[in-house]
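In our numbering, the protein residues as written are 8 to 156.
As structure tokens, the structure follows; a few thoughts come after it.
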Amino acid sequence: TQRVVDVIRLTDQALRRLMPAPKIAVAGLNPHAGENGAFGDEELQSIIPAVNRARQEGIQCTGPIAPDTVFLKAVHGEYDAVVCMYHDQGHIPMKLLDFDGGVNVTLGLDLIRTSVDHGTAFDIAYQGIASTKSFVRALETARAMMGEG
């Protein structure tokens with residue numbers, strides 16, 4: 008529970024650099040967000056208490072939301088960010104939506120850190136085929152988070 012609360016807080020703090028009142032979705036871990044324990048109890052034991060605690064702190068967050076629909080809701084503007092329970096839960100939809108344009112933002116540091124979201128791409132180095140889209144977006148995101156964008 009505490010780890011989920013911490014990530015919700017970090018997400019809220021980062022988004023407040025870009026907007027006054029971010030709306031955060033919290034994905035469930037299990038299919039259909041657990042369906043009240045039918046598919047696992049992580050939602051009941053950890054995620055729901057974390058979301059409730061974050062709300063008590065004034066953070067606009069909702070969840071757990073079924074992982075198979077939460078990203079569609081975010082893309083349609085219902086949420087500004089989705090807190091995911093594991094790496095690929097967030098990376099698969101990001102790469103599907105915009106493989107070359109994704110940006111990784113490392114939260115919880117004393118400085119702003121952004122990077123490309125696709126990895127090092129050593130396999131295509133020096134071939135003149137790498138896209139700079141993610142790199143440019145990473146720089147633009149860092150500038151925006153500094154209040155210069």
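Quick reminder that beta carbons are idealized off the backbone N, C-alpha and C, glycines included.
Computed from a prediction, not measured in an experiment: that's the story for all the values here.
Give the single residue among the options whose Cα lies nearest to the Cα of residue i.
i	options	result
A128	I119, T121, F142	F142
D117	D105, M152, S138, D130	M152
A73	H94, E42, D19, A149	E42
R60	D13, I136, T139, G44	D13
A34	R24, I119, I55, K102	I55
G109	R62, E49, V58, D124	D124
V77	R62, I99, E64, A57	I99
V58	R10, G47, F46	R10
A149	G44, G126, T113	T113
So is residue i buried or exposed if we call it buried at 16+ other beta carbons inside 10 Å?
i	result
N37	buried
Y133	exposed
Y86	buried
E155	exposed
M26	exposed
H94	exposed
V82	exposed
I131	exposed
I31	buried
E50	buried
A28	exposed
L104	exposed
At which residues does the alpha helix (DSSP H) containing residue i begin and terminate?
i	result
G65	That residue, G65, is in no alpha helix (DSSP H); it is neither H nor E in DSSP.
A145	140-152
T76	74-82
The beta strand (DSSP E) with residue i in it runs from where to where?
i	result
I31	31-34
A21	Run containing A21: none in the beta strand (DSSP E); it sits in the alpha helix (DSSP H), 9-22.
A45	A45 -> no beta strand (DSSP E), and no H or E assigned at all.
T113	110-113
From the DSSP output, read off the bridge partner residues of residue i.
i	result
R90	Here residue 90 is Val; the residue named in the question, Arg, does not match the sequence. DSSP, once it has assigned bridges, lists V33 as partnering V90.
S53	Looking at the DSSP assignment, S53 forms no beta bridge with any residue, so it has no partner.
V123	V110
Taking 7 Å as the cut-off, is the CB of residue i close to at least one heavy atom of the ligand GTP?
i	result
C91	Of ligands this structure carries none, so the ligand GTP is not represented either.
Three or more C-beta pairs below 8 Å linking the segment 14-31 and the segment 67-83 | The segment 14-31 vs the segment 67-83: in contact.
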